[in-house]
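Working notes for the structure below.
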Amino acid sequence: MKLNGIVLGLLALAAGGTSRADVRVPAIFGDHMVLPAGTNTPVWGWAAPGESVTVTVGDARTATTSGADGRWQVVFTNLPTSVTPVTVSVAGKNTLTFQDVLIGDVWVCSGQSNMALPLRRVLGRDASGTNGLGQAHAPQLRLFAMKKFAALEPRTKCQGNWSVCTPGAAREFSATAYFFGREVQQAERIPIGLLGANRGSTCAEYWTSLEALQAEPAFSNYVSRALAAKARAAGQVAAGADLTEDKAVSVPSLLFNAMIHPLIPFGIKGAIWYQGEGNSDQALLYRTLFPALIRDWRRRWGRGDFPFYFVQLPNFGAAKEQPDDDSDWPRCARRSC
Numbered sequence: 009m010k011l012n013g014i015v016l017g018l019l020a021l022a023a024g025g026t027s028r029a030d031v032r033v034p035a036i037f038g039d040h041m042v043l044p045a046g047t048n049t050p051v052w053g054w055a056a057p058g059e060s061v062t063v064t065v066g067d068a069r070t071a072t073t074s075g076a077d078g079r080w081q082v083v084f085t086n087l088p089t090s091v092t093p094v095t096v097s098v099a100g101k102n103t104l105t106f107q108d109v110l111i112g113d114v115w116v117c118s119g120q121s122n123m124a125l126p127l128r129r130v131l132g133r134d135a136s137g138t139n140g141l142g143q144a145h146a147p148q149l150r151l152f153a154m155k156k157f158a159a160l161e162p163r164t165k166c167q168g169n170w171s172v173c174t175p176g177a178a179r180e181f182s183a184t185a186y187f188f189g190r191e192v193q194q195a196e197r198i199p200i201g202l203l204g205a206n207r208g209s210t211c212a213e214y215w216t217s218l219e220a221l222q223a224e225p226a227f228s229n230y231v232s233r234a235l236a237a238k239a240r241a242a243g244q245v246a247a248g249a250d251l252t253e254d255k256a257v258s259v260p261s262l263l264f265n266a267m268i269h270p271l272i273p274f275g276i277k278g279a280i281w282y283q284g285e286g287n288s289d290q291a292l293l294y295r296t297l298f299p300a301l302i303r304d305w306r307r308r309w310g311r312g313d314f315p316f317y318f319v320q321l322p323n324f325g326a327a328k329e330q331p332d333d334d335s336d337w338p339r340c341a342r343r344s345c
C-alpha cells in the first residue's frame, strides 16, 4: 500500500507538471539575436491566461499579465544600442534565458531567388581565405535564417534560428542581405540583425496579405486563386492534386502568412527587397502590386513609413540596339514604382 501511495503521488505530480502552461516565445527571440534599440521594442509570447510575465533586457525590466487567450506583450521604450552582449530573460511559471543578445537595428530581407541566392554562390565555398567565404566573420552582424514555408492562414509562429555571422552561418544565407548588413554595420558601427524571409521562384502577390489584395479591384484574380486554394484544402471543391502548406507556394498570400506575418510586430528598422522577375509577365499590374505590398507591410507593422529599399530589375536577355517598349521585362523594371 505504501508503494501504491508513492506511485499515486508521483502520478499526481506529473499531472500537475503537464497541466502547467509554460511561458513561450516565438522563434524570433533566441540566443545571439539583435533586439531593436529605441523607443518601441516589443517582446511577446504565450502563457497561461492571467499569468504574470516579467521580461528583462540587461538592466531594463517590465512586466505584464497574459490575456484570456494566453497571449502577452511588453514594449521597452528606451533600449540603448549595445555592442556589449546582454542577457534577456522571460519569467512566469518558468524562466527562459537568452544569451549573447545585442541591441541595434534589424532588417527584413525578402524577395525571390536574387535575394535567396546564398553567399557561397558569390564568394565560393572556401572558408579559409579572407578573400572568399572566409571574410564573413562579423560578430556584430547577426543572421536569422527562417525556414522556407507557406501557410493558408496567417501564422503567429515561424521556424528559424539566430546565428553570429561566421563563414559557416553565412554560407547558405542571402548574399544580398549579407553585403547590405555588412555595409550598414561598418558605416553605423552598431549591431545589425538580418531576418532572412525569402524564397526563389516567387511573385510579389505571394508576399502580400489577402486583405491587401482584396482592397484593390485589379487584384481580383489573385484573390480568387487564394480563396480557391483555401476551398480545395477544406475539401469544398475537387482538388485534383493535394494542396499542402509547405509545397503550395504559387498561391497569393501564402508566403506572407507563413514568413512575414509571424515577424510582426518585431521592431524592425526597415526592409530590403530583391524581386520582380516573377511578375515580369504582368508588368503593368506589378506597377500597382509592388507599392500595395509596401503599404501593406508598413500598415501592419505600425512603425510609420519605415525604409523599404529595393533593387530594380537588371538587364536580361540579348542586347538590343534600341529599347523594346513592348517587352514586359523593361516595362516592369522602369514602371514598377
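Numbering (the numbering used here), first residue to last: 9 to 345.
We put the CB at the ideal spot given by N, CA and C, even for glycine.
For residue 48, the nearest candidate out of 305, 118, 273, 283 (CA to CA): Position 40 of the sequence shown, counted from the first residue, corresponds to residue 48. That would be 273, whose Cα lies nearest to the Cα of residue 48.
message: Comparing C-alpha positions only, which one of 80, 34, 43, 70 sits nearest to residue 55?
response: For the purposes of this step, residue 55 is taken as residue 47 along the sequence shown, with counting starting at 1. The candidate whose alpha carbon is nearest that of residue 55 is 80.
message: Give me the residue from 94, 74, 76 with the minimum Cα distance to residue 68.
response: Translated into the one-based positions of the sequence shown, residue 68 becomes position 60. Ranking the options by Cα distance to residue 68, first place goes to 94.
task: Indicate the three-state DSSP secondary structure (helix, strand or coil) for residue 97 in the structure shown.
output: In the sequence shown, residue 97 corresponds to position 89, counting from 1. Here residue 97 sits in strand by DSSP.
task: Verify whether the separation of the beta carbon atoms of residue 263 and residue 158 is less than 8 Å.
output: As a working mapping, residue 263 is identified with position 255 in the sequence shown. As a working mapping, residue 158 is identified with position 150 in the sequence shown. Contact annotation: residue 263 and residue 158 have beta-carbon atoms nearer than 8 Å.
task: Compare the C-alpha of residue 37 against each of 271, 293, 277, 84 and name the closest.
output: Looking up residue 37 in the sequence shown gives position 29. Among 271, 293, 277, 84, the Cα nearest to that of residue 37 is on 271.
message: Alpha carbons only, please: which of 123, 140, 92, 125 is nearest the one belonging to residue 131?
response: Walking along the sequence shown from the start, residue 131 turns up at place 123. The shortest Cα separation from residue 131 among 123, 140, 92, 125 belongs to 140.
field: For residue 117 and residue 205, believed in contact at Cβ under 8 Å, the rounded distance
entry: As a position in the sequence shown, residue 205 is number 197, starting the count at 1. As a position in the sequence shown, residue 117 is number 109, starting the count at 1. With 8 Å as the limit, residue 205 and residue 117 qualify as a contact, their Cβ atoms being about 7 Å apart.
field: Sequence-distant residues of the same chain with beta carbon closer than 8 Å to residue 26, five excluded per side
entry: One-based indexing of the sequence shown puts residue 26 at position 18. With a pLDDT of 37 at residue 26, under the threshold of 50, the modelled position of this residue cannot be trusted, and the question is left open.
- prompt: In chain order, what residues of the same chain lie with their CB nearer than 6 Å to the CB of residue 192, ignoring the 5 residues before and after it?
  reply: Start at 1 with the first residue of the sequence shown, and residue 192 comes out as number 184. Here the set comprises 200.
Residues of its chain near residue 252, where Cβ-Cβ distance is below 8 Å and the 5 sequence neighbours each way are ignored: Residue 252 sits at position 244 when you count from the first residue of the sequence shown. Confidence at residue 252 is low in this model, with a pLDDT of 49, below 50, so the placement of that residue is unreliable and no value is reported for it.
message: Please report the straight-line C-alpha distance between residue 70 and residue 176, rounded to a whole angstrom.
response: In the sequence shown, the residue the question calls residue 70 occupies position 62. In the sequence shown, the residue the question calls residue 176 occupies position 168. The alpha-carbon atoms of residue 70 and residue 176 are separated by roughly 36 Å.
- request: Give the C-beta separation of residue 217 and residue 261 to the nearest angstrom, bearing in mind that I take them to be a contact with Cβ-Cβ under 8 Å.
  value: The count along the sequence shown starts at 1 and reaches residue 217 at position 209. The count along the sequence shown starts at 1 and reaches residue 261 at position 253. The Cβ separation is near 6 Å, so the contact holds.
message: Quick check: what's the CA-CA separation for residue 180 versus residue 155?
response: For the purposes of this step, residue 180 is identified with residue 172 of the sequence shown, where counting begins at 1. For the purposes of this step, residue 155 is identified with residue 147 of the sequence shown, where counting begins at 1. Roughly 12 Å separates the two Cα atoms.
task: Could you spell out the range, first to last residue, of the alpha helix (DSSP H) harbouring residue 168?
output: Locating residue 168 in the sequence shown gives position 160, counting from the first residue. Here residue 168 belongs to no alpha helix (DSSP H); instead the beta strand (DSSP E) covers 168-173.
message: What ranges does the beta strand (DSSP E) occupy inside the region 112-155, keeping only unbroken runs of at least 3 residues that lie completely in it?
response: Fully enclosed beta strand (DSSP E) runs of 3 or longer: 146-154.
query: Of all the options 112, 213, 34, which has the alpha carbon lying nearest to the alpha carbon of residue 119?
result: For the purposes of this step, residue 119 is taken as the residue at position 111 of the sequence shown. Each of 112, 213, 34 was checked against the Cα of residue 119, and the nearest Cα belongs to 213.
query: Residues bridged to residue 393 by DSSP?
result: Nothing can be reported for residue 393, as the shown portion of the chain is limited to 9 through 345.
query: What residues in its chain sit with their C-beta under 7 Å from that of residue 60, if we drop five residues either side in the sequence?
result: As a first step, residue 60 must be located in the sequence shown, where it is residue number 52. Cβ-Cβ distances below 7 Å link residue 60 to 71, 73, 100 in the same chain, with the five nearest sequence neighbours on each side left out; the list follows chain order.
- prompt: Opposite residue 89 in the DSSP bridges: which residues?
  reply: As a position in the sequence shown, residue 89 is number 81, starting the count at 1. Residue 89 has no beta-bridge partner at all, per DSSP.
task: Quick one: give me the first and last residue of the alpha helix (DSSP H) that residue 205 is part of.
output: Counting from one through the sequence shown, the residue named residue 205 turns up at place 197. Where residue 205 is concerned, there is no enclosing alpha helix (DSSP H), although the beta strand (DSSP E) it sits in stretches over 200-206.
message: Tell me the rounded alpha-carbon separation between residue 282 and residue 142.
response: Taking the first residue of the sequence shown as 1, we reach residue 282 at position 274. Taking the first residue of the sequence shown as 1, we reach residue 142 at position 134. Distance between the alpha carbons of residue 282 and residue 142: 25 Å.
- request: Mind checking who residue 187 pairs with in its DSSP beta bridge?
  value: Locating residue 187 in the sequence shown gives position 179, counting from the first residue. Its beta-bridge partners do not exist; DSSP assigns none.
message: So, with DSSP's three-state summary, where would you put residue 58?
response: Your numbering for residue 58 matches position 50 in the sequence shown. DSSP places residue 58 in coil when its eight states are reduced to three.
query: Whose C-beta lies closer than 8 Å to the C-beta of residue 286 among residues of the same chain, with five residues either side of it excluded?
result: For the purposes of this step, residue 286 is identified with residue 278 of the sequence shown, where counting begins at 1. If we look at residue 286 and ignore the five residues flanking it on each side, its Cβ neighbours are 120, 209, 210, 211, 212.
message: Strictly by DSSP, which residues pair up with residue 68?
response: Residue numbering aside, residue 68 sits at position 60 when the sequence shown is read from its first letter. DSSP lists 65 as partners of residue 68.
message: Going by DSSP in three states, residue 298 sits in which element: helix, strand or coil?
response: By 1-based counting over the sequence shown, the position of residue 298 is 290. Residue state, collapsed to three classes: helix.
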